[in-house]
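Residue numbers (the numbering used here), protein chains in the order written: chain A, 1 to 118; chain B, 1001 to 1113. To keep things clear, I will list the structure first and then write my remarks on it.
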């Protein structure tokens, strides 16, 4: 089946604008993760959903960042009043099962959305 | 907290050379360990994984062994090809904390013919 898709692939926003980034996980995947990847660095955890429940949002850098997954499938990451330091690639990943099962943490990544704030 | 440290790059090798990319980790509990690969213009893909101590993950000629005593998960390949040129990320997943992953900063490998 299709992999994880993200849209848009590229987004340029002026400082102060709001943006919304979409993630379509693999059908049937229970867990969904958002990561932020700065240039030359590895992905850093932002938030995690199990179905529609947001179980961990400890990585969100400020209250300008908000994520939702209302029906337990598609997820949206919203950034309000964007700042230049928000420029990064935002990665979405999904996983078939939640914690507690051996080997259950393989995550499938989307291609990412490259956000540039000018 | 959890952390992953991997060998700084970039690494440049000739085709058929032996590859080692070092990775060490710090974690509470018993994490699962992963290597992901990102080819130019593509997203992250899982290369291999190991879920407990002494497990060996392998795929496409790459191998890595989960060494709890040295908290390491070094990636090796006996004979690299030009098509292996990519960025390699070592990662751990904390089995006690929702499975969220912690990544190293990546190592860029370039293989020359």
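Each residue gets a CB set at the ideal place from its N, CA and C atoms; glycine is no exception. All values reported here derive from a predicted model rather than from experimental measurement.
Please state if the CB of residue 1108/B and the CB of residue 1087/B are separated by a distance shorter than 7 Å.
-> Yes, the Cβ-Cβ distance between residue 1087/B and residue 1108/B is below 7 Å.
Short-range partners of chain A found in the segment 1047-1060 of chain B, where Cβ spacing is below 8 Å | 1049, 1051
Decide if the segment 1007-1020 of chain B is in contact with the segment 16-26 of chain A; the criterion is three or more beta carbon pairs, one per stretch, under 8 Å apart.
-> Between the segment 1007-1020 of chain B and the segment 16-26 of chain A, the count of C-beta pairs closer than 8 Å stays below three; the two stretches do not touch.
Using a C-beta cutoff of 7 Å, does residue 110/A count as contacting chain B?
-> yes
Going along chain B, which residues have a C-beta under 7 Å from residue 106/A?
-> 1046, 1049
Where does the unbroken beta strand (DSSP E) through residue 1021/B begin, and where does it stop?
-> 1019-1021
Take the Cβ of residue 1059/B as the centre, count every other Cβ of all protein chains shown within 10 Å, and call the residue buried at 16 or more, exposed below.
-> exposed
Does residue 90/A get closer than 7 Å to chain B when you measure Cβ to Cβ?
-> No, its Cβ sits nowhere closer than 7 Å to a Cβ of chain B.
Give the secondary structure of residue 1032/B by DSSP, where H, G and I count as helix, E and B as strand, and everything else as coil.
-> strand
Does the beta carbon of residue 1103/B sit closer than 7 Å to a beta carbon anywhere in chain A?
-> yes
Using the rule of at least 16 other Cβ atoms within 10 Å of the residue's Cβ for burial, across every protein chain shown, is residue 113/A buried or exposed?
-> buried
What distance in whole Å lies between the Cβ atoms of residue 1044/B and residue 1035/B, which are believed to be in contact at a cut-off of 8 Å?
-> With 8 Å as the limit, residue 1035/B and residue 1044/B do not qualify as a contact, their Cβ atoms being about 11 Å apart.
One or two residues paired with residue 1038/B in a DSSP bridge | Under DSSP, residue 1038/B shares a beta bridge with 1087/B.
Could you give the DSSP three-state label for residue 1076/B: helix, strand or coil?
-> strand
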